[in-house]
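Visitor: Residue numbers (my numbering): 14 to 325.
1. So, using beta-carbon positions, are residue 202 and residue 137 closer together than 9 Å?
2. Do residue 52 and residue 101 count as a contact pair if the criterion is CB distance below 9 Å?
3. One question on the structure: do residue 296 and residue 237 come within less than 9 Å of each other, judged by their Cβ atoms?
4. If we ignore side chains and look at the alpha-carbon of each, how far apart do residue 110 and residue 207 end up?
5. Taking 8 Å as the cut-off, does the stretch 160-167 touch the stretch 204-223 (at least 3 CB pairs, one atom from each stretch)?
6. How would you write the range of the alpha helix (DSSP H) that residue 130 sits in, first residue to last?
7. Under the rule that 16 or more other beta-carbon atoms within 10 Å means buried, what is residue 36, buried or exposed?
8. Taking the alpha-carbon positions, what's the residue 254 to residue 213 distance?
9. Go ahead and pull the three-state DSSP assignment for residue 307.
10. According to DSSP, which residues form a beta bridge with residue 300?
11. Name, in chain order, the residues that DSSP records as bridge partners for residue 54.
12. Determine, using beta carbons only, whether residue 175 and residue 85 come nearer to each other than 9 Å.
13. Please list the segments of the alpha helix (DSSP H) lying wholly inside the stretch 212-279, counting only runs of 4 or more residues, in order along the chain.
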């Protein structure tokens, strides 16, 4: 089954959604940017993506890639990451998110101990940019495409086929992962811990009045150190991230609720309706009401397409 993308995080910035089921912890998502927001977040699962239309910018705390159609990415477990549409260009991504037990089954066997655990704990391997120009990376992209087709069709045995492809991917990544550097608790790792704490604070308090002093105090650092940390990890400022997160939450509420737009604005920390509307238009290219109508029409169109496919 293919699901629409809707990233929602808990108070720690960790994604809330359960990917797949307990019996088959693999999920497939159609990410359609810029409509679907993929804000900074992290999860325990491994993630693979293939760009099928347009282009997208995929970022981790240490890497930034601009991907075109036919290219893809791998994001390792617990790695902070986000995806953005360059200049609001449309982009469709086929994403596969899987829990490691989909491959190993448990943590008391050779598959986990020899292949998965070293990969997931490799601090030098936050992820990969994948291109078909490199043979082993093309094999991973082909596997993502194959798994997507199997998930769409759900013919008998599709779970086994998907698991086999995931095992092949893990074997390849295990072989080509960079050599893990000696564990260090230097500035980069310290910044990574701090940024997660500050994002946690913002995501917990975005509906309230929040200052840069509040954000800095959440992990006991100065405002200047707070700004430096944001710049060095996710290349933005604390206040810019706060505004962006508020707008993302407002867009989500416009999609999922029938609340008044003024109520949504207030619940997301915007005290002035004019500022909210202006900021929303600058980010999404339309007014909040146009965004809501457009999302409704999109759902209606998809429903009509599904009915036509079902009944002809």
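Using N, Cα and C, we set each Cβ at its ideal position, and we do this for glycine too.
Guide: In short:
1. The count along the chain shown starts at 1 and reaches residue 202 at position 189. The count along the chain shown starts at 1 and reaches residue 137 at position 124. No, they are not a contact pair.
2. Reading the chain shown from its first residue, position 88 is the one you call residue 101. Reading the chain shown from its first residue, position 39 is the one you call residue 52. It is not a contact, given that the beta carbons lie outside the stated cut-off.
3. As a working mapping, residue 296 is identified with position 283 in the chain shown. As a working mapping, residue 237 is identified with position 224 in the chain shown. Cβ distance not < 9 Å, so residue 296 and residue 237 don't count as in contact.
4. As a working mapping, residue 110 is identified with position 97 in the chain shown. As a working mapping, residue 207 is identified with position 194 in the chain shown. If you take the alpha carbons of residue 110 and residue 207, they lie about 26 Å apart.
5. The answer is no - the stretch 160-167 does not touch the stretch 204-223, with fewer than three Cβ pairs under 8 Å.
6. Counted from its first residue, the chain shown places residue 130 at position 117. 130-133 is the extent of the alpha helix (DSSP H) around residue 130.
7. The count along the chain shown starts at 1 and reaches residue 36 at position 23. By the Cβ neighbour-count rule, residue 36 is exposed, with fewer than 16 other Cβ atoms within 10 Å of its own.
8. Here residue 254 is taken as the residue at index 241 of the chain shown, counted from 1. Here residue 213 is taken as the residue at index 200 of the chain shown, counted from 1. Taken atom to atom, the span from the alpha-carbon of residue 254 to that of residue 213 is near 12 Å.
9. Position 294 of the chain shown, counted from the start, is the residue given in the question as residue 307. Reduced to three states, the DSSP call for residue 307 is helix.
10. In the chain shown, counting from the first residue as 1, residue 300 sits at position 287. Beta-bridge pairing by DSSP links residue 300 to no other residue.
11. Here residue 54 is taken as the residue at index 41 of the chain shown, counted from 1. Residue 54 pairs with 94.
12. Here residue 175 is taken as the residue at index 162 of the chain shown, counted from 1. Here residue 85 is taken as the residue at index 72 of the chain shown, counted from 1. No, they are not a contact pair.
13. Taken in chain order, the complete alpha helix (DSSP H) segments of 4 residues or longer contained in the stretch 212-279 are 225-230, 236-247 and 251-269.
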